[in-house]
Structure formats: C-alpha cells, structure tokens
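Worksheet for the structure shown next.
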C-alpha cells in the first residue's frame, strides 16, 4: 500500500484510522478537511482545494482521509492502489 483512499460516514473513525495506518506504513496522511476549510471552519474555494490536494499528493505515497467525493474522487481514485470504506453501524 502506497496510495490509500479512506472514505466513510461522519464519525466512522476515518481520521483515527488514517493516522494509525499512516504511522504503521510510514505514509503521510492528507486530511481533506484541513485542505478545504479555512480558519473557523469557513468553507474554502473548491478550485483552491483541488489544487492543494494535487500538490499534497505529488509525493506519490500518501493516505487521503475524507469524503468530498464530488470534488476529488477523480483526482484520488485513479491513483489509489487501495480504497478503504469505513462503515459505522446504525444505532439500534
């Protein structure tokens, strides 16, 4: 695994899992929320977000964590060698 995409519902543990996996595999983790949101959780510009993501992935080895499927799936999925979907069970 050298290029990993992690998707999942909010609260499913994407960030926690990505951090642990990144440490285990010695891969940098790209947190999409960090690239998208400006200070105080103000949504950022989508073009700038995509440019930040492309730059972050330029190293060739990475884990991306977060959804943003409409904005980034075509950037990440063709490069990924592993895709992980975390599914949080519904509350009973």
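In the working numbering, the protein residues as written are 2 to 93. Glycine included, C-beta positions come from ideal geometry on N, C-alpha and C.
(message) Using the Cβ count rule (16 or more neighbours within 10 Å means buried), how would you classify residue 54?
(response) Using a 10 angstroms sphere on the CB of residue 54, the tally of other CB atoms reaches 16 or more, which defines it as buried.
(message) Determine whether the beta carbon atoms of residue 36 and residue 50 lie at a separation below 8 Å.
(response) Cβ atoms of residue 36 and residue 50: closer than 8 Å.
(request) Determine the closest residue to residue 32 out of 25, 77 and 2, with distance taken between C-alpha atoms. (result) If we check each option's Cα against that of residue 32, 77 comes out closest.
(request) Confirm, please, whether the CB-CB distance from residue 6 to residue 28 is below 8 Å. (result) Cβ atoms of residue 28 and residue 6: not closer than 8 Å.
(request) For the beta strand (DSSP E) containing residue 66, list its first residue and its last residue. (result) Counting along the chain, the beta strand (DSSP E) containing residue 66 begins and ends at 63-66.
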